[in-house]
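Here the sequence shown stands for residues 1 to 270, where the numbers follow the UniProt record's numbering. C-beta atoms are modelled at their ideal positions from N, C-alpha and C, and glycine is treated no differently. Small disclaimer: the values here were computed from a predicted structure and weren't measured.
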Amino acid sequence: MAERGVLDEVHAWFHSVPPVTRALFAGILGFSLASGLNIISPYQLLFVPDFVLKKYQLWRLVTAFLWQPLGFAFLMNLYFFYRNSNDLETGLFVGRTADYVTFIVFTMLTTCVAAYFFELMVLFEPMMMAVVYVWASHNSDSRVSFLFGIQFKALYLPWALVAMDVFQGNPYPIQKLLGIAVGFLYYYLDQTFPRQNNGRKLLVTPQIFYKWFPPAGGGVAGGAGAGYRFVPPVRPAAGVPGARPGSGGTTGGGVTQRHTWGSGNRLGTD
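Following this line, the structure appears as structure tokens:
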């Protein structure tokens with residue numbers, strides 16, 4: 001009975017996760033575990049341009065984002081991706097699944113182009129960092145509690161993760177920097193450029209995505225916390241002494257997490 005109760009809770013949790021985050025989380029966990037158990041070979045999953053372009057192994061354009069060698073760094077990266085992707089999809093993109101799919105597809109395609117020149121084959125970390133950058137950009141004034149209780153604005157979170165890689169012996173964290181660059185490009189096209197050009201957008205969601213993922217109403221922007229404890233500035237709201245204003249996007253419910261982040265992985269590395 002107890003085992004059944006645990007399974008029911010896991011089932012309920014899994015189906016409470018928004019669809020895009022749920023699919024990516026399941027894919028990353030599934031492919032990485034299958035590879036770790038020698039059920040499939042990672043060589044069938046990695047981004048190898050010659051196999052994509054000459055042998056038409058198009059699945060690599062997706063599976064390269066869904067695999068990373070098992071280990072502590074993998075668990076931390078997976079958790080970090082889940083928390084921030086979940087927060088974006090239930091907050092900024094609530095009711096706009098098609099727009100979130102557009103963000104993920106844009107991230108994958110742009111990363112693949114860059115990976116061709118940088119000769120990268122494992123692309124999960126760039127996707128994760130793009131999600132981190134976009135989340136941090138939309139929650140820039142929130143404060144996060146990082147390692148050893150250090151607090152800083154969420155805007156600096158991506159760079160804190162890059163610094164962790166450097167301190168752990170990876171002087172050239174290319175994958176993390178690539179993810180930041182992709183996230184910056186998306187944020188510029190989606191937010192900055194329209195603000196500077198009277199709402200004109202260069203990056204638009206394809207209509208077919210709206211057919212596949214029609215907009216849903218009833219959500220409230222600003223989902224649950226994203227794996228970090230937010231410390232909003234104390235500023236009494238008008239007419240309510242001692243009240244705290246909203247943080248403008250993501251609000252309470254997060255928990256303080258202390259992570260040890262490993263460097264990016266390429267084929268043949270731990």
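- For residue 175, the enclosing alpha helix (DSSP H) has its first and last residue at 174–187.
- Counting along the chain, residue 54 sits inside the alpha helix (DSSP H) bounded by residues 49–54.
- Residue 20 sits buried, since 16 or more C-beta atoms from the chains shown fall within 10 Å of its C-beta.
- Listed in chain order, the non-local C-beta contacts of residue 81 below 7 Å within the same chain comprise 128 and 131, local neighbours out to five positions each way being set aside.
- DSSP places residue 153 in the uninterrupted beta strand (DSSP E) bounded by 151–153.
- Listed in chain order, the non-local C-beta contacts of residue 74 below 7 Å within the same chain comprise 32 and 68, local neighbours out to five positions each way being set aside.
- For residue 20, the three-state secondary structure derived from DSSP is helix.
- The beta carbon of residue 52 sits closer than 8 Å to those of 58, 60 and 61, all from its chain and outside the five residues before and after it, given in chain order.
- Taken through DSSP and simplified to helix, strand or coil, residue 144 comes out as strand.
- When rounded, the separation of the alpha-carbon atoms in residue 105 and residue 98 is 10 Å.
- Between residue 136 and residue 158, the CB-CB gap stays under 8 Å.
- Contact check between the region 38–49 and the region 11–29: fewer than three CB pairs, one atom from each, fall below 8 Å, which does not count as touching.
- Boundaries of the alpha helix (DSSP H) harbouring residue 196: 193–196, taken from the DSSP string.
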